[in-house]
Amino acid sequence: GQFCGQKGTPNAKKSTLFYFNILKCANPAVLINLQCPTTQMCVSKCPDKFSTYTDVQLQYQITAAPWDYYRQFCKPGFNNPTKAGTMYVMLRDEDCPSMIVPSRPFLQRCFPDFITQNGTLTVAKRTHFKDALDTARSVTELRDAANGITGLVDAKEVGMKIVEDYAASWNWILIGLVMALVVSLIFILLLRFTAGLLLWFTIIAVILVIAYGIWHCYLEFSLLRQQPGADVTIVDIGFQTDVMVYLQLSQTWLIFLIALGTIEASILIILIFLRRRVRVAIALLREGSKAVSYIMSTLFYPIITFLLLAVCSSYFAVTSVFLASSGDAIYKVMAAEPNCMYANKTCNPETFNKTNVSKACPGAQCTFAFYGGETPYHRYLFILQLSNLLIFLWLVNFTIALGQCTLAGAFASYYWARRKPQDIPPCPLFSSFSRAIRYHTGSLAFGALILAVVQMARIILEYLDSKLKGANNVAARFVLCCLKCCFWCLERFVKFMNRNAYIMIAIYGKGFCMSARDAFCLLMRNVVRVAVLDRVTDFLLFLGKVLIAGSVGVIAFFFFTHKMPIFQEEVPTLHYYWVPLLTVIFGSYLIAHGFFSVYAMCVDTLFLCFCEDLERNDGSSEKPFLMSAGLHRTQNKTVLQTNSFTLLRYLACFKLN
């Protein structure tokens, strides 16, 4: 915990940091760990000559002068160059550096003193040398190590500046995030008025942009057809790295023209035949905005989900670290002779020299092998880690399921209220949360377990894929790729079905399997509405996230770059203005995502309630619709049409029952 040159410490007169084995600093992992993996010691001055520990040992029998100089770079208290034990033990314990090279202080660290002679980089007039283990080394390795230390110092310096920027601007970052919170809330509340305008404006804009693209492609195609060589095709020129070559061909623009024309025709056909479904989707989005405005507490439920996920992550991290650190350091006998009877046997490095292994196997060493043990617990440690991962996935999915079921129950109470908002029960969010915990824990846990098993299978497939990357087995790679694709699709399907099953659980209180079946039947009978609503909702919410993060980011940019005259004096002095700027943008996006995830759950819940309402009721005085007036205006159903829906319902689910 002490720094070199720090006053009041034993290092007060030792202002320079010395690396025992600077060659280890050339490892790329240095920048990742922000630490050079070798012993470091504060010294008063850097070495000014080249020497190895082996040379000092040999010279010590004649004179102690070389050792007196060398030991100032060894650990304090190590005063015997003829210490009992092999050279390997001394270097393993890093009592002394294996070698020292002429160095000079730079950035309060000892760097090799490189000198260029006749265009050749040297250290101590050498380009190659050997360390204490008689391993050949070069000046290039020293240069790479020095560069690694420089990069490490630069990374630490940048890290310190970033921390200083956060310390100077944290209050303004919080203000920016509060702005994002307020804007997200206002955006959701205004969707009841702007949902249709935003959607139709975007659809018309897309149609016009594609139409312009068609016109431009036709213009380019017509011009190129009139030039010489117009009959040259893409096949004729083959593969070219310069993309501009393809843009000189009329065939390329013809392909673009056909593609854009197909897309334009598809959009127009969809709008012609699905315009009524689009109106229903817009009405549901408006209704969702009303529901959120009546149950404002739901917007802050993601905070509870975040806290529960933090607890799950902490449990997983603590358990993983405990399992990983529960093993002991295992040492194995590394024999120089292949017929050694003790080869690969466990050993104790502290008592190794007192055993008969060295006599039976000359040159054998007791080296570190791995962390673990020989007990059944240690043998199945990997299985325990996988089990811990499965439990973590289960807990995470259960937490998300609990939130979805809670929100669905709250919004369902809004939809089924005859008079809105008078008949909405008091504290709908708390009541729904209590019901989910008390009555639906098993159903939520079962659905979460199914999803966790699928995710676990995907993780195992990714692990196998990483192991097979170096293999040349094409068939195995192909099968693995197909399995990864299938399980990815399966995970998406299970997530979708679980989400709708939790909504049905919140509405009717049935078990998971029956709720999943009912949700599937209901969605299949309204598959076109589902597709339209999903695409419309996803688009509007994505547009809202980008709009909120972008608008708050623009304001933050003008503020932190001193482009707001009225706030010139309040702007903090920063090293990197992009540090708080990116934090505000990323945080704003996360806040908007949290708010809009609640809104998306609201729309999905109202949609299932809407479909159920259409099938259960016919709008008569005996069975009146419970939907709002806005949703009712989008429907022109008669009693006969409703009865036909009911008939289709029983026919579609006949086989499932």
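Heads up: the sequence shown runs through residues 15 to 671, numbered per the working numbering. Cβ coordinates follow ideal geometry from the N, Cα and C atoms, glycine included.
Query, Result
"Going by beta-carbon coordinates alone, are GLY601 and GLY190 separated by less than 9 Å?", "yes"
"Please name the residue in CYS361, TYR391, PHE572 and THR389 whose C-alpha comes closest to that of ALA378.", "CYS361"
"Here's the rule I'm using: 16 or more other beta-carbon atoms within 10 Å means buried, otherwise exposed. How should ALA520 be labelled?", "buried"
"In the stretch 329-383, which residue ranges form an unbroken alpha helix (DSSP H) of at least 4 residues, counting only runs that do not cross its ends?", "371-374"
"Please find out if some non-hydrogen atom of the ligand ADP comes closer than 8 Å to the beta-carbon of PHE553.", "Absence of the ligand ADP from the depicted structure is noted, as is the absence of any ligand whatsoever, leaving it without description."
"Out of curiosity, what's the CA-to-CA distance linking VAL371 and TYR329?", "45 Å"
"When you compare the CB positions of LEU6 and VAL617, do they come within less than 9 Å of one another, or not?", "Beyond the ends of the chain as shown, which are 15 and 671, falls residue 6; an answer cannot be given."
"In whole angstroms, what separates the C-alpha of ALA279 from that of MET258?", "28 Å"
"Given this structure, state the Cα-to-Cα distance separating ARG531 from HIS646, to the nearest angstrom.", "27 Å"
"Does ASN25 pass the burial test, meaning 16 or more other C-beta atoms within 10 Å, or should it be called exposed?", "buried"
"Could you tell me whether the stretch 466-473 touches the stretch 401-420, using the rule of 3 or more Cβ pairs below 8 Å?", "yes"
"Starting from GLN54 and walking both ways along the beta strand (DSSP E), at which residues does that stretch end?", "54-57"
"Around the C-beta of ALA98, are 16 or more other C-beta atoms found within 10 angstroms, so that it is buried, or is it exposed?", "For ALA98, the predicted structure reports a pLDDT of 49, less than 50, and the residue's modelled location is therefore unreliable. The matter cannot be settled from this model."
"Are the CB atoms of LEU261 and CYS124 within a distance shorter than 9 Å?", "no"
"Buried or exposed: LEU222, going by 16 or more other Cβ atoms within 10 Å of its Cβ?", "exposed"
"So, does the CB of LEU156 fall closer than 9 Å to a CB anywhere in chain B?", "The structure shown contains no chain B, having only a single protein chain."
"If you draw a straight line from the C-alpha of ILE473 to the C-alpha of TYR180, how long is it?", "36 Å"
"Have a look at PRO9 and PRO126 and give me their C-alpha separation to the nearest angstrom.", "There is no way to answer for residue 9, as the model of the chain reaches only from 15 to 671."
"Three Cβ pairs or more, each shorter than 8 Å: is that satisfied between the stretch 415-435 and the stretch 612-629?", "yes"
"Is it true that the stretch 586-606 meets the stretch 182-197, where meeting means three or more beta-carbon pairs spaced less than 8 Å apart?", "yes"
"Between CYS380, GLN399, ARG290 and LYS59, which lies nearest to PHE336 when the distance is taken from Cα to Cα?", "GLN399"
"Determine which residues share a DSSP beta bridge with ALA570 and list them.", "Partner(s): none; ALA570 has no beta bridge."
"Straight-line CA distance for VAL137 to LYS38?", "18 Å"
"Would you kindly check if the distance between the Cβ of PHE621 and the Cβ of LEU213 is under 9 Å?", "no"
"Here's the rule I'm using: 16 or more other beta-carbon atoms within 10 Å means buried, otherwise exposed. How should TYR453 be labelled?", "exposed"
"Using C-beta distances below 7 Å, list every residue in its chain close to VAL508, excluding the 5 sequence neighbours before and after it, in chain order.", "ILE464, LEU465 and VAL468"
"Does the beta-carbon of MET4 have 16 or more other beta-carbons within 10 angstroms, so that it is buried, or is it exposed?", "With the chain running from 15 to 671 in the structure shown, residue 4 is simply not present."
"Nearest to ARG291 by CA position, among THR23, VAL544, PHE609 and TYR590, is which residue?", "VAL544"
"How about SER152 and MET113: do their beta carbons lie closer than 9 Å?", "no"
"Please return the same chain residues whose Cβ sits closer than 8 Å to the Cβ of LYS144, not counting the five positions on each side in sequence.", "THR66, ALA150 and ARG151"
"Given PHE235, which residues of its chain have a CB within under 8 Å of its CB, disregarding the five upstream and five downstream residues?", "SER264, TRP267, LEU268 and LEU271"
"Which word fits PHE287, buried or exposed, when buried means at least 16 other C-beta atoms lie within 10 angstroms of its C-beta?", "exposed"
"So, with DSSP's three-state summary, where would you put LYS434?", "coil"
"Quick one: give me the first and last residue of the beta strand (DSSP E) that CYS124 is part of.", "123-126"
"Going by beta carbon distance, what residues of the same chain come within less than 7 Å of PRO684, once the five residues before and after it are set aside?", "Outside the displayed span of the chain (15 to 671) sits residue 684, for which this structure offers no information."
"With distances taken between CB atoms, is the gap from ASN403 to MET470 smaller than 9 Å?", "The sequence shown places Leu at residue 403, rather than the Asn named in the question. Taking 9 Å as the Cβ cut-off, LEU403 and MET470 qualify as a contacting pair."
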